[in-house]
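Encoded as structure tokens, the structure appears first; notes follow it.
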Amino acid sequence: MIPLFKQFPGLQGKLPHVSMGLFPTPVLKLEKLGEKLGLGRLYLKHDGLSGEKYGGNKVRKLEFLLGEAQKDRCREVMTYGFAGSNHATATAVFARKLGMRSISMLMPQPNAHIVGKNLLMSFASGAELHLYPSHSFLGLGTICESVRHFLKTGKFPMVIVPGGSSPLGCCGFVNAAFELKEQVYEGLLPEPDLIYCALGTAGTAAGLVLGLKAAGMKTRVQGVQVTEEAYSGEKVFIDLLKKTNRLLHSMDPAFPVLDITPQDFDIRREFFGEAYGLFTEEGINAIKALKENEGIKLEGTYTGKTFAAVMADAPLKESCDKVILFWDTYNAVDYAPVIDKIDYHDLPKQFHRYFEEEYQELDRH
Ligand SMILES: *Cc1c(COP(=O)(O)O)cnc(C)c1O
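Using this note's numbering, read the sequence shown as starting at 899 and increasing by one per residue.
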């Protein structure tokens, strides 16, 4: 039984959920890098290993979201992201696992290795791929594709919001907080003072803040913004957190209604750089540090920027004696064997540019 249901048995059978990932994810102590940074108690929560074929933080959300799709007997789900979206790829992989098909509604982003790789993985998982130049086209595209799929199958595809960050998806990270609490109880790590995680569409950080509080933990979340305010601003964050809280309370009144305000967590804007998906120097340095000292791979859009925050805070006097947990949200499963055989020319033509144009400057190595 998942940790959240153990704690609140009233949720089981009410809150849709399907087990698909590999949980609990491991906790690692970063001895070598911690020593270099002057952090004696630096840990990593390895959500990269959350799935057999494809991991990362989206698996936690999809266990709830696709649980609902399965309950509603959906054959198709439709979701959104930028071209290289890990979320769209994870949705394609796990929808297929349940016998469903994913329709990815994507928008352009700066080019990087990961973009083409994720597109190929989505394609290999049977996803239908669409690229729209702007939000307005995406809106029109949604109407057209929904109708087209309705005419074909007799049912509208179930919509999964960008990043899977609906209140239901967010429950994945409420559960993650209870999973962490069990690991603390088992002695795998001391109770963290701080958790650093990326703040993309806010589901990860909001779910953790809510879950940690509900679990009675003292841990404070540092959400490192990696998207524009519209996706990850304070208002979006609090709104999602409160809606998730109301959902859980309505399903099981034993789940408390918590009073959480912006004073209960920190949103860190300084590591965003110029735009979503554009790598930063600090991010690249953070990626190198983790690779060289611990053999763990990050990427430049989310986790590099987040670990840059850990490194920037390390010299501060308050940091050195704290228990710090970096939540690694990036897929760590090598899927090269799955995509090796695929020719990008088989993808819709709009996507070819990600295989033909140069990568952004900080991703040319
Ligand atoms: C989606 C994603 C995030 C951001 O998570 P949100 O819940 O959207 O804030 C962080 N890291 C990686 C690697 C992601 O794919």
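By construction, the Cβ of each residue, glycine as well, lies at the ideal position given by its N, Cα and C atoms. The structure displayed is predicted, hence computed values, not measured ones.
| Check | Outcome |
| --- | --- |
| For Val1221, three-class secondary structure by DSSP | coil |
| Near ligand 1: Tyr1233 beta-carbon under 7 Å from a heavy atom | no |
| Nearest residue (CA-CA) to Pro924, options Leu1066, Gly1052, Lys956 and Leu1086 | Leu1086 |
| Delimiting residues of the beta strand (DSSP E) encompassing Ser1002 | Arg999 to Met1005 |
| For Leu913 and Ala967, the rounded distance between their alpha carbons | 12 Å |
| 8 Å Cβ cutoff met for Arg994 and Lys1053 | no |
| Gly954 Cβ short of 7 Å to ligand 1 heavy atom set | yes |
| Residue closest to Thr892, alpha-carbon to alpha-carbon, out of Leu1223, Gly1171 and Glu1216 | Look at the range of the chain in this structure, 899 to 1263, and you will see that residue 892 is not part of it. |
| Local Cβ density within 10 Å of Ala1117, reported as buried at 16 or more and exposed below that | It should be pointed out that residue 1117 corresponds to Thr in this sequence rather than to Ala. So Thr1117 ends up on the buried side. |
| Buried or exposed (CB count within 10 angstroms, at least 16 for buried), Gln1161 | exposed |
| Residue(s) in a DSSP beta bridge with Ile1093 | Val1119 and Leu1223 |
| Asp1261 (DSSP reduced to helix, strand or coil) | helix |
| When Glu1180, Ala981, Gln910 and Glu1168 are compared against Ser1032, the one with the closest alpha-carbon | Ala981 |
| Leu1097 Cβ short of 7 Å to ligand 1 heavy atom set | yes |
| Length-filtered (3 minimum) beta strand (DSSP E) runs lying within the segment 1139-1175 | 1164-1166 |
| Cα-Cα separation between Val1059 and Thr989, rounded to whole angstroms | 11 Å |
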